[in-house]
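Accompanying notes for the structure given below.
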Amino acid sequence: MVMPALYVFLGTLFGFVLSRSGAADYNYIQGMFLFEQFQLFGIIGTAVVVAAPGLWLIQRRGRTLRGTAVSVERKPLNRGTIVGSLLFGIGWSIAGMCPGPILVNIGEGKVYAVAALAGALVGAGTFGTLYPRLQVLFGLPSIGMPSTARTPVPASESSRVPDRVYDTAK
Amino acid sequence: MPLILNDLTPLHWAVAGGVIAAVTLCLLFVANRRLGISSALEDICSLVLDQSYFRRDAVFTGRAWRLPFLLGLVLGGYVSAVLGGGWHPIWALGMFDTTIGFGPGGKLAWMFVGGAFIGFGTRLANGCTSGHGIFGMSNFELSSFVATLTFMTGGILTTQLVYRVIFF
């Protein structure tokens with residue numbers, strides 16, 4: 076129960092800051108895209124400048140606080156990265172919120188954010204459903220066979236099916 | 087410029103950015119979790135959809151932390167409202183109301199369409215502002231620099247089109 080509570084706490088802190096900083100505010104998002112408001116550039120820029128050395132130090136240490144391994148999987152660059160990002164940017168402008176702020180805005184009471192979430196789930200669901208075709212079209216990693224396990228099992232169990240198989244031979 | 091939420095004065099960007107970085111580092115250092123919120127959209131889908139894409143290991147293992155985190159995001163917005171003048175349903179949408187001015191039905195449709203672009207686009211790009219913009223760029227990942235530049239471009243072009251060309 077400790078870990079779920081930690082995640083809820085961190086999410087609450089994150090959400091509060093997104094709410095109070097303008098990251099979830101329609102006007103501030105348009106202001107960013109119109110180059111009339113520095114706020115969002117400052118938020119993202121500060122987050123990256125502070126997080127970058129921290130991530131480097133944590134990965135250099137290689138271990139979490141409790142000593143388990145730190146393993147960060149780097150994201151691949153493919154055609155989907157570019158086309159998907161364009162589509163996401165369009166949606167971010169239209170809705171004036173990105174995924175995190177959609178949820179924050181629901182918490183704030185913004186009724187229209189529920190419609191944004193519904194759309195986002197339809198979009199994500201459509202993507203996942205069409206994945207076999209999109210994978211070929213956009214050079215996405217292959218899935219492999221789906222896992223039959225419903226709860227996490229030790230990695231040593233051979234019934235465990237590998238995650239997205241990245242073709243590192245490319 | 088005051089926030090739409092209760093006309094509150096926003097936090098300074100350096101404070102917000104610092105807290106976001108702190109949460110990002112905490113997730114990795116304490117739990118080996120990579121910050122990324124758009125993945126939670128497919129976590130939610132996996133609760134009702136069973137195509138093989140939604141039965142990947144990454145979804146099962148990721149759900150365990152992302153769904154509680156998501157609950158936290160909603161709570162964070164709620165607490166923000168409660169502590170900042172009170173919670174009440176909000177329909178106001180700032181400059182959308184003054185420039186575009188759709189009624190409630192049109193606003194919901196507009197948001198649904200925006201959401202569809204977000205849901206499909208972030209998953210196709212394998213990340214959003216948090217996964218690519220914050221974690222990916224901080225981790226010096228090329229795909230994240232490309233993604234961030236591209237989604238910023240998409241946003242800029244769309245906003246300029248909407249507010250400088252179509253509606254003004």
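Chains as they are written, first to last, in our numbering: chain G, 76 to 245; chain S, 87 to 254. We put the CB at the ideal spot given by N, CA and C, even for glycine.
By the rule that beta-carbons nearer than 7 Å mark a contact, G:E183 touches chain S. By alpha-carbon distance to S:I186, the top candidate from S:G172, S:T245 and S:Y139 is S:T245. Taking a C-beta distance under 7 Å as the contact criterion, G:G194 and S:F182 do not qualify as a contact pair.
Using a CB distance cut-off of 7 Å, G:S217 does not count as an interface residue toward chain S.
For S:L161, the enclosing alpha helix (DSSP H) covers residues D143 to L169. The beta-carbon of G:G155 is placed less than 7 Å from the nearest beta-carbon of chain S. Sequence-distant Cβ neighbours of S:I220 in its own chain, meaning closer than 8 Å and more than five residues away, are I106, A107, T110 and L121. Under the Cβ distance rule, G:L212 does not count among the residues neighbouring chain S, no pair being separated by less than 7 Å.
At the C-beta level, S:G163 and G:A170 stay beyond 7 Å of one another. Burial is judged here by how many other beta carbons sit within 10 angstroms of a residue's own beta carbon; S:L228 has fewer than 16 and is exposed. With distances taken between CA atoms, S:N225 lies nearest to S:L114 out of S:V248, S:M238, S:L114 and S:V101.
Of the residues assessed, S:I252 falls on the exposed side of the cut-off, its CB having fewer than 16 other CB atoms within 10 angstroms. Contacts between S:G191 and chain G, judged by CB atoms closer than 7 Å, are missing: the closest CB pair is about 10 Å apart.
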